[in-house]
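This report concerns only the one structure given below.
Structure, rendered in structure tokens:
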């Protein structure tokens, strides 16, 4: 968003494509000039930063809307997750990833080790994560205590 010379019509097309694609996640960025590139030399065509911020927000809303709908469709499903560790916001909540790389937060009934596999039932959804109810531990991680280092 905000590339040199970007028009409102350009943004509208981007929004249409994003809505049609129904992304459940998208890496979206604001244009930033890179020294030595043709775009960096197009200073006269840079879009006003306030306009860029507003356009970026509009794109974010479209992507988050489709992500939320896709995540809500997972409510009630049982998902296997690999445990990544405690949530950044609440250490009593664990975070894990589904096979589709969806972030799931859940509260286990007992401590779980990073790398464990667990099943959770998805109980709610947000644009960037799912909330789950812990069901069971499927497998503990198999970690080596020491990593062999070869000499020489």
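Numbering (our numbering), first residue to last: -17 to 134. Backbone N, C-alpha and C define an ideal beta-carbon position, used for all residues, glycine too. Since we're looking at a predicted model, the values are computed, not measured.
Nearest to residue i (by Cα), restricted to the options the options
{"i": "residue 101", "options": "81, 68, -9, 42", "result": "81"}
{"i": "residue -6", "options": "41, 97, 74", "result": "41"}
{"i": "residue 122", "options": "99, 43, 76", "result": "99"}
{"i": "residue 60", "options": "79, -2, -17, 21", "result": "79"}
{"i": "residue 11", "options": "74, 38, 31", "result": "38"}
{"i": "residue 95", "options": "71, 124, 108, 72", "result": "124"}
{"i": "residue 64", "options": "20, 3, 76, -9", "result": "76"}
{"i": "residue 118", "options": "131, 90, 19", "result": "90"}
{"i": "residue 47", "options": "4, -4, 97", "result": "4"}
{"i": "residue 66", "options": "58, 97, 36, 56", "result": "97"}
{"i": "residue 31", "options": "116, -15, 131", "result": "-15"}
{"i": "residue 58", "options": "-9, 116, 131, 70", "result": "116"}
CB of residue i within 9 Å of CB of residue j, strictly
{"i": "residue 112", "j": "residue 87", "result": "yes"}
{"i": "residue -17", "j": "residue 43", "result": "no"}
{"i": "residue 107", "j": "residue 53", "result": "yes"}
{"i": "residue 9", "j": "residue 49", "result": "no"}
Inter-residue spacing [alpha-carbon to alpha-carbon] between residue i and residue j
{"i": "residue 85", "j": "residue 110", "result": "7 Å"}
{"i": "residue 22", "j": "residue -13", "result": "12 Å"}
{"i": "residue 83", "j": "residue 72", "result": "21 Å"}
{"i": "residue 45", "j": "residue 36", "result": "15 Å"}
{"i": "residue 120", "j": "residue 51", "result": "28 Å"}
{"i": "residue -11", "j": "residue 16", "result": "21 Å"}
{"i": "residue 62", "j": "residue 56", "result": "13 Å"}
{"i": "residue -8", "j": "residue 18", "result": "25 Å"}
{"i": "residue -3", "j": "residue 20", "result": "25 Å"}
{"i": "residue 74", "j": "residue 131", "result": "36 Å"}
{"i": "residue 70", "j": "residue 27", "result": "41 Å"}
With 16 other Cβ atoms within 10 Å as the buried cut-off, status of residue i
{"i": "residue 104", "result": "buried"}
{"i": "residue 14", "result": "exposed"}
{"i": "residue 114", "result": "buried"}
{"i": "residue 25", "result": "exposed"}
{"i": "residue -1", "result": "exposed"}
{"i": "residue 29", "result": "buried"}
Ordered list of alpha helix (DSSP H) runs contained in the region -16 to 67, each at least 4 residues = -10 to 3, 31 to 54
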